[in-house]
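Right, one structure below, let's go through it.
Numbering (the working numbering), first residue to last: -13 to 810.
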């Protein structure tokens, strides 16, 4: 079909005028800009003045040169026939010549300007090209035939500069400055052109992608061309190949390593590789061809367009669906979709299924088609998962096409549980389970933040893995900040942090006393009492009343007298002194033990060893006066060491090994009630715990769900993820407990849903909250939490993360589909 001459169509004339106005406006701004503001490099102020003067004096030749070059290039692109640019003619060696340096510089400058325009106006330029194709290339879209593309505008700008200035340095400066300014303005210019084209009633032309024959585009046992996949679902061969390939992906195998029943490996033929995350993995076998690059760009363009079209309010709301009958023209994927639709309702529209034909049309090969179907099947399960609140399901639904793009590009998406995209989806779903209300309070704030992060992904380079890793970090930072705000509203966090700081200070002081007492000859029970028990009394006295308080001085003196009270006292003077000090010593010891709440049984055991030691010290031969005085000085030096303060404490400092009873004694009854401290005596440890709850949803799975389904589905599952799933129960849960997550806790003979809202810096105390309107605080020590996990009284609300649950359900669905397709 002969294209319409460009001058005969008013749409192209209007577009050229729009671009000419944009270039003229940029030139005018440049001429009026102060040299100091325009010159970006030192020593260019004079050159800038010269270039401005040339451009101001020759503004008309600049515009005429720009318009003429733009029109000539447009005529060349719109009048050439298909294949004209691909003809090769015999070339005489005498026609070959070296390229001048100025021409090389001009070409480099043109390429740079075109790249700037393309980066600033990527989306607008693609849309304009799709509408212009209806004029210059009816029936198909070809970026090389777009007369308004970036390199054409860049060449026209350099032609206008060449007409305005004869000085090479001035031309270079004008090209750099005008090119940057024009690139910034072209996005708006292309947007205006796009609106004009739409107002004129032009129809956009989608970019078709023609698949190529060959092993990279062919699954074993299936004819070339994707039409073979759209076979009768009762065809055993087609269903088996679909199920085998899809199940292998879902079982952890990447799209590059899927093996057919015959054992043929696609890894080499498809060109997929586990290359750098976020980049195309289709170049393992060599450089990417221009056609493949265009196909990839066109697919990305389609994904962006569909994402933008479905980002409006209510665009993803689920609608009532009636299961379609699987006719003779239905693919195995459509059969699986019908199976899912008839089983559970969707909380949002499955965009991959809704736009499947467009996605298939824009994808180059069958393996890509299989990835599209598998990801679509996964989102069938994700959007029907009863664990996910509907408000969060709609936000996850907005990520369907970005996730599809990642799955097509990054082969580790299916095989790695730690993939950033999977972690991001899992994390927002798991955190959403902890909120009961999204209309107000923290739940509303969390939903708003997730909406913002998803919007940034949708509008950003969502084929880059680093984008998801960054958003995951931002989400975790938000949860940490939100938890800090919630913790500040209750006294539990400050109280527990003070207790933990006290424990850290005591540990430091205990280590200092142990080092000082090591050279002294003391019985083990006395050394342990002074360093481990009496150090607590000293720390409490100093932190409560100060280092120079009367109580602190008395307790230091009591520590010195206690150490000396068991030393030999043979002289009458020493015995008399000991007997005079003993009543005050016992009084101070009892006061210190009462201050720290040392258990009465432990007190009796200690005095049962101390009193015989006192009696024995009165019988043995005395020390020399010099030795006795030296020991007194040594003891005074040990207990003169100041109690360390809170400054310099870190979460890496070791905590003292204290039992539950000793930790409980550190809290007064009022403090324990204030923080909701759960004491071991409040739990009936003898009761057998029923792990499986009555309200366990049907789609929840346990860790055994990762067992391959090869035995039941007879599918060739070559690869599985080597990463173990995160535990949802048992003692190992202690290492995977996360701030902001929801857990089930067995307290007061009933299971209660709680949310972890605070973890002390050294992880010695954990605070949970429960309830919606009137929140109840539940606090426990690390040891208590470990006992709860080990006994099965604390477990995660989710038996597995969302992506893992969806994968298992999709595999079960494929297994059921395969069983139905296999003849008896």
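Glycine included, C-beta positions come from ideal geometry on N, C-alpha and C. If you're wondering where the values come from, they're calculated on a predicted model, not measured in any experiment.
- Note on residue 396: 16 or more other CB atoms within 10 angstroms of its CB, so buried under the neighbour-count rule.
- Annotation: the continuous beta strand (DSSP E) that includes residue 766 extends over 762 to 767.
- 120 is the residue among 120, 137, 134 and 160 whose C-alpha sits nearest the C-alpha of residue 188.
- Each of 375, 369 and 483 was checked against the Cα of residue 767, and the nearest Cα belongs to 483.
- Shown here, residue 344 sits in a helix according to DSSP, grouped into three states.
- Classified as buried, residue 132 has 16 or more neighbouring CB atoms from the shown chains inside 10 Å of its CB.
- Cβ contact annotation for residue 472 (same chain, cutoff 7 angstroms, sequence separation greater than five): 428 and 743, in chain order.
- Distance from the Cα of residue 394 is smallest, within the candidate group 436, 141, 449 and 586, for 449.
- Counting other Cβ atoms within 10 Å of its Cβ, residue 401 reaches 16 or more and is therefore classed as buried.
- For the pair residue 156 and residue 365, the Cα-to-Cα distance works out to about 57 angstroms.
- Cβ-Cβ separation between residue 517 and residue 527: approximately 16 angstroms, too far for a contact (criterion under 8 angstroms).
- When the beta-carbon positions are compared, residue 594 and residue 549 stay at least 8 angstroms from each other.
- Residue 741 sits in a strand when the DSSP states are folded into three classes.
- Under DSSP, residue 779 shares a beta bridge with no residue.
- Close CB contacts of residue 787 within its chain, under the 7 angstroms cut and outside five residues either way in sequence, are with 412 and 416 (chain order).
- For the set 134, 50 and 94, the Cα lying nearest the Cα of residue 0 is the one of 134.
- Secondary structure at residue 736: strand, using DSSP grouped into helix, strand and coil.
- When DSSP reads this structure, residue 755 sits in a beta bridge with 741 and 763.
- Ranked by Cα distance from residue 602, the first of 387, 8, 555 and 434 is 555.
- Taking the CA atoms as reference points, residue 53 sits about 16 angstroms from residue 172.
- Positions of the beta strand (DSSP E) runs, each at least 3 residues long and wholly inside the segment 102 to 174, cannot be given because no such run exists.
- When DSSP states are grouped into helix, strand and coil, residue 614 belongs to the helix group.
- Apart from the 5 residues on each side of it in sequence, residue 628 sits with its Cβ closer than 7 angstroms to the Cβ of 533 in its chain, given in chain order.
- Among the bridge pairs identified by DSSP, residue 663 is matched with 765.
- Minimum Cα-Cα distance from residue 663 among the listed residues 590, 753, 735 and -3 corresponds to 753.
- In the structure shown, the three-state DSSP call for residue 730 is strand.
- For residue 415, the secondary structure class from DSSP, reduced to helix, strand or coil, is helix.
- Take residue 723, set aside five residues on each side of it, and the residues of its chain with a beta-carbon closer than 7 angstroms to its own are 742, in chain order.
- Under the three-pair Cβ rule at 8 angstroms, the segment 431 to 444 counts as touching the segment 453 to 463.
- Collapsing the DSSP output to three states places residue 334 in a strand.
- In this structure, 561 is the residue among 561, 530, 42 and 780 with its C-alpha nearest to the C-alpha of residue 607.
- If you look at residue 376, you'll find it in the alpha helix (DSSP H) that goes 376 to 383.
- Restricting attention to alpha helix (DSSP H) runs no shorter than 4 residues, the segment 446 to 519 encloses them at 451 to 474, 477 to 503 and 510 to 514, ordered along the chain.
- Of 363, 538 and 592, the smallest CA-CA separation from residue 509 is found for 592.
- Residue 96 is a Cβ neighbour of residue 144, given a cutoff of 8 angstroms.
- Residue 425 counts as exposed, since fewer than 16 other C-beta atoms from the protein chains shown sit within 10 angstroms of its C-beta.
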